[in-house]
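Participant: Quick note, in full-length UniProt numbering, the sequence shown goes up one by one and the last residue is 519.
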Amino acid sequence: MTFNLATILREARNAAPDKPLCHTQHATLTYEQVDAASGQVAAGLLALGLERGDRVAVQLPNLPEFLFCYFGILKAGLIMVPLNPLLKAREIAYHLEDSGATVLVTFAPLAKEAVEATQAADEVAVYVVDPPGSPELPTGALDGTLPFADLVAAASTAEAALDDIAPTNADDTAVVLYTSGTTGRPKGAELTHFQLYMNCTVSGDLFGVQPDDVILAVLPLFHVFGLSSVLNVVVRHGGTMALVPRFEIGPVLETMTRHRCTVFSGVPTMFFALLHADTAQHDLSALRVGCSGGAAIPGEVIRAFEEKFPGVVILEGYGLSESASTTTFNISAEQRKVGSIGKPVWGVETRVVDDHDRPLPPGPEHVGEIVIRGHNMMKGYWNNPEATAETVRDGWFHTGDLGYADQDGYYFIVDRKKDMVIRGGFNVYPREVEEVLYTHPAIAEAAVIGRADERLGEEVVAYVSLKAGAQADEDDVITYCRERLAAYKYPREVRFLSTLPIGPTGKILKKELRAAAMR
Numbered sequence: 001m002t003f004n005l006a007t008i009l010r011e012a013r014n015a016a017p018d019k020p021l022c023h024t025q026h027a028t029l030t031y032e033q034v035d036a037a038s039g040q041v042a043a044g045l046l047a048l049g050l051e052r053g054d055r056v057a058v059q060l061p062n063l064p065e066f067l068f069c070y071f072g073i074l075k076a077g078l079i080m081v082p083l084n085p086l087l088k089a090r091e092i093a094y095h096l097e098d099s100g101a102t103v104l105v106t107f108a109p110l111a112k113e114a115v116e117a118t119q120a121a122d123e124v125a126v127y128v129v130d131p132p133g134s135p136e137l138p139t140g141a142l143d144g145t146l147p148f149a150d151l152v153a154a155a156s157t158a159e160a161a162l163d164d165i166a167p168t169n170a171d172d173t174a175v176v177l178y179t180s181g182t183t184g185r186p187k188g189a190e191l192t193h194f195q196l197y198m199n200c201t202v203s204g205d206l207f208g209v210q211p212d213d214v215i216l217a218v219l220p221l222f223h224v225f226g227l228s229s230v231l232n233v234v235v236r237h238g239g240t241m242a243l244v245p246r247f248e249i250g251p252v253l254e255t256m257t258r259h260r261c262t263v264f265s266g267v268p269t270m271f272f273a274l275l276h277a278d279t280a281q282h283d284l285s286a287l288r289v290g291c292s293g294g295a296a297i298p299g300e301v302i303r304a305f306e307e308k309f310p311g312v313v314i315l316e317g318y319g320l321s322e323s324a325s326t327t328t329f330n331i332s333a334e335q336r337k338v339g340s341i342g343k344p345v346w347g348v349e350t351r352v353v354d355d356h357d358r359p360l361p362p363g364p365e366h367v368g369e370i371v372i373r374g375h376n377m378m379k380g381y382w383n384n385p386e387a388t389a390e391t392v393r394d395g396w397f398h399t400g401d402l403g404y405a406d407q408d409g410y411y412f413i414v415d416r417k418k419d420m421v422i423r424g425g426f427n428v429y430p431r432e433v434e435e436v437l438y439t440h441p442a443i444a445e446a447a448v449i450g451r452a453d454e455r456l457g458e459e460v461v462a463y464v465s466l467k468a469g470a471q472a473d474e475d476d477v478i479t480y481c482r483e484r485l486a487a488y489k490y491p492r493e494v495r496f497l498s499t500l501p502i503g504p505t506g507k508i509l510k511k512e513l514r515a516a517a518m519r
């Protein structure tokens, strides 16, 4: 079956060419303009001699050029390799070598790292996008790079018409999306045109995206949540997105007010920030739904957020890079269960299994690993059949997440397998402890980890940051938890930070906290 994911952009353009696709700080771009610009990128890449299935790496923040590159790469029948803009030279070099990408589009402030990375790579062309509002980077301004304008200019010499969309197969790889690498070197999940199409179609239907919706796009587009559940959803359903390069509370509030954003998709730390921000001077009355994912959001945060912003409902979902984003979801305020990741989305199956891959019955007493299968599952890890075979067994992808299902079919994440703390032979799930910490009136953020202990194997350690003007000490927090948790669960050590470390997608970096606990 022939199908190219770029069709979602072409069909949206045909339906409403003059409709805004994205607002930025500097401009508004219509569907017609993005379609035309991506066509130029496609033709420019083909003019370089790239052939169907070749990989193109893109290391950009949330800029219009990301959209041009993404859909241009797809239109040309090539494979997109999104890279985190925060990667350093050694990390960039690894991704380029592993994926075999021969073109890298990067951002001017990052170009030095990119050039250093490509010195050891064979024949990688580096094109540089300048910051918005700045003049084009002159050729040769940084040895080993070319301005992005040169790639677009190459379109004039391309044989392919700018309007062409390559007739790829539906199961051809569209994107190689690298995992975060928290349990080893990053692995590239191969996502196909059909998988990404199904995910954005089903996801958009879940929270009722309409053509008049304006979705805030502050989640990084290089991440599966931003790429599949924001960008693809917006284009597939003919909506509009307000692009914000990174999460900073001031610009986010200004953007949401200026463009009357109706949908906010984010990770829990973003909801925390909005909850504790002074929003008196900003009109967020257009906001109707918040979609939370990427990590567990405490029920106390949901309650407080919906109290602060009447008319807004937070719906929690769950997904992974390997599942093209959404796997389970709470579909409405009436049908959700706070604390649950919801039910499997249309066409996707989930199970909870024991250590021998045997299905477990419902109930919180039957915690096991969540496994999934369906139309959204990756083809496998790029050039890594061993890792694929390890995680995909009998057609089921093993997520590494521990959880259970209730009698109504709702799933609950208890924790990551690697995050579980085993204290004196008892399993302690950090999320359960964190839920209690978030109910403490002085605590703004919390994360719980295990620290090696000679007597007990591991000890429970809590890292917290306090709300502005609030006060609490270690004894107070420990006593609060001890009154609400079993004796083996409550933290024996509490460490206070001004803010908890977060990664580029807004997740709290427990890896850094574990390293700090060992010092």
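We put the beta carbon where it would ideally sit given N, CA and C, even for glycine.
(1) With the cut-off set at 8 Å, would you say residue 556 and residue 178 are in Cβ contact?
(2) Below 8 Å CB to CB, which residues in the same chain sit around residue 163 once its five sequence neighbours on both sides are set aside?
(3) If residue 12 and residue 199 are in contact, beta carbons under 8 Å, what's the gap, nearest whole angstrom?
(4) How about residue 169 and residue 1: do their beta carbons lie closer than 8 Å?
(5) Taking its Cβ as the centre, do 16 or more other Cβ atoms sit within 10 Å of residue 123, making it buried, or is it exposed?
(6) Once the 5 residues before and after residue 477 are set aside, which same chain residues still bring their CB inside 6 Å of it?
(7) Is it the case that the Cβ atoms of residue 261 and residue 277 are separated by a distance below 8 Å?
(8) When you compare only the Cα positions, how much space is there between residue 306 and residue 475?
(9) How close, in whole Å, do the beta carbons of residue 412 and residue 403 come, if the pair is a contact with beta carbons under 8 Å?
(10) Considering just the uninterrupted stretch of the alpha helix (DSSP H) at residue 465, what are its terminal residues?
(11) Smallest Cα separation from residue 259: which of 243, 270, 479?
(12) Check whether the segment 31-38 and the segment 62-81 are in contact - that is, three or more C-beta pairs closer than 8 Å.
(13) Rounded to whole angstroms, how far is the Cβ of residue 10 from the Cβ of residue 249, which I believe are closer than 8 Å?
(14) What residues match up with residue 404 in a beta bridge as DSSP calls it?
(15) Can you list, in chain order, the stretches of the alpha helix (DSSP H) that have 4 or more residues and sit fully within the segment 279-313?
(16) Measure from the alpha carbon of residue 145 to the alpha carbon of each residue in 16, 117, 172, then state which is nearest.
(17) What do you get for residue 422, buried or exposed, if any count of 16 or more other CB atoms within 10 angstroms of its CB means buried?
(18) Quick one: which unbroken alpha helix (DSSP H) runs of 4-plus residues sit fully inside the segment 202-280? Chain order, please.
(19) May I have the straight-line CA-CA distance separating residue 440 from residue 484, to the nearest angstrom?
(20) To the nearest angstrom, how far is the alpha carbon of residue 53 from that of residue 77?
(21) Residue 442: which of 372, 472, 433 sits nearest, CA to CA?
(22) Could you have a look at residue 191 and say whether DSSP puts it in helix, strand or coil?
(23) What would DSSP say about residue 331, mapped onto helix, strand or coil?
(24) Take every Cβ of the segment 363-382, pair it with every Cβ of the segment 337-355, and state whether three or more of those distances are shorter than 8 Å.
(25) Which residue or residues does DSSP assign as beta-bridge partners of residue 450?
(26) Rounded to the nearest angstrom, what separates residue 102 and residue 460 at their Cα positions?
(27) Roughly how many angstroms separate the alpha carbons of residue 129 and residue 65, rounded to a whole number?
(28) Measure the C-alpha to C-alpha separation of residue 458 and residue 338 and round it to an integer number of angstroms.
(29) Leaving out the 5 sequence neighbours to the left and right, which residues in its chain are closer than 7 Å to residue 148 when beta-carbon positions are compared?
(30) DSSP three-state label for residue 366, please.
(31) Is the segment 209-225 touching the segment 233-241, taking contact as three or more C-beta pairs under 8 Å?
(32) With a threshold of 16 other CB atoms inside 10 Å of the CB of residue 143, please say whether the residue is buried or exposed.
(33) Among 462, 326, 58, which residue has its Cα nearest to the Cα of residue 497?
(34) Compute the Euclidean distance between the alpha carbons of residue 517 and residue 464, then round it to the nearest angstrom.
(35) So residue 222 packs on residue 82, CB below 8 Å; how close in whole Å?
Facilitator: Checking against the coordinates, here is how it stands:
(1) In this structure the chain extends from 1 to 519, so residue 556 is not present and cannot be described.
(2) Non-local beta-carbon contacts of residue 163 in its own chain, meaning distances under 8 Å to residues more than five positions away in sequence, involve 39 in chain order.
(3) Contact between residue 12 and residue 199 does not hold, since the beta-carbon distance rounds to 17 Å and is not under 8 Å.
(4) Yes.
(5) It is exposed - the Cβ of residue 123 has fewer than 16 other Cβ atoms within 10 Å.
(6) Here the set comprises 494.
(7) Not in contact: residue 261 and residue 277 (Cβ atoms no closer than 8 Å).
(8) One alpha carbon belongs to residue 306, the other to residue 475, and they sit about 31 Å apart.
(9) Taking the Cβ atoms as the reference, residue 412 lies roughly 5 Å from residue 403, within the contact range of under 8 Å.
(10) Element bounds for residue 465: not the alpha helix (DSSP H) but the beta strand (DSSP E), 457-466.
(11) Looking at the Cα atoms, 243 is the closest of the given residues.
(12) Yes: the two stretches touch, three or more of their Cβ pairs being nearer than 8 Å.
(13) About 36 Å; that fails the 8 Å criterion.
(14) Residue pairing from DSSP places residue 404 in a beta bridge opposite 412.
(15) Secondary structure within the segment 279-313: the alpha helix (DSSP H) runs of 4 or more consecutive residues, fully enclosed, are 299-308 (chain order).
(16) Answer by Cα proximity: 117.
(17) Counting Cβ neighbours within 10 Å, residue 422 comes out exposed, since fewer than 16 surround it.
(18) The segment 202-280 is shown to contain whole alpha helix (DSSP H) runs of 4 or more residues at 232-236, 249-258, 268-276, in chain order.
(19) Rounded to whole angstroms, residue 440 and residue 484 show a C-alpha spacing of 11 Å.
(20) Taken atom to atom, the span from the alpha-carbon of residue 53 to that of residue 77 is near 6 Å.
(21) Looking at the Cα atoms, 472 is the closest of the given residues.
(22) Residue 191 falls in the strand class under three-state DSSP.
(23) Taken through DSSP and simplified to helix, strand or coil, residue 331 comes out as coil.
(24) With contact defined as three or more Cβ pairs closer than 8 Å, the segment 363-382 and the segment 337-355 are in contact.
(25) Paired residue(s): 460.
(26) The straight-line gap from Cα to Cα measures roughly 47 Å.
(27) About 8 Å.
(28) The alpha-carbon atoms of residue 458 and residue 338 are separated by roughly 30 Å.
(29) So the qualifying residues of the chain are 65, 105, 127, 128, 129.
(30) In the three-state reduction of the DSSP assignment, residue 366 falls in the coil class, being assigned neither a helical nor a strand state.
(31) Put simply, the segment 209-225 touches the segment 233-241. At least three CB pairs are less than 8 Å apart.
(32) With fewer than 16 other Cβ atoms within 10 Å, it is exposed.
(33) That would be 462, whose Cα lies nearest to the Cα of residue 497.
(34) The alpha-carbon atoms of residue 517 and residue 464 are separated by roughly 13 Å.
(35) Your pair residue 222 and residue 82 checks out as a contact, with CB atoms roughly 4 Å apart and the cut at 8 Å.
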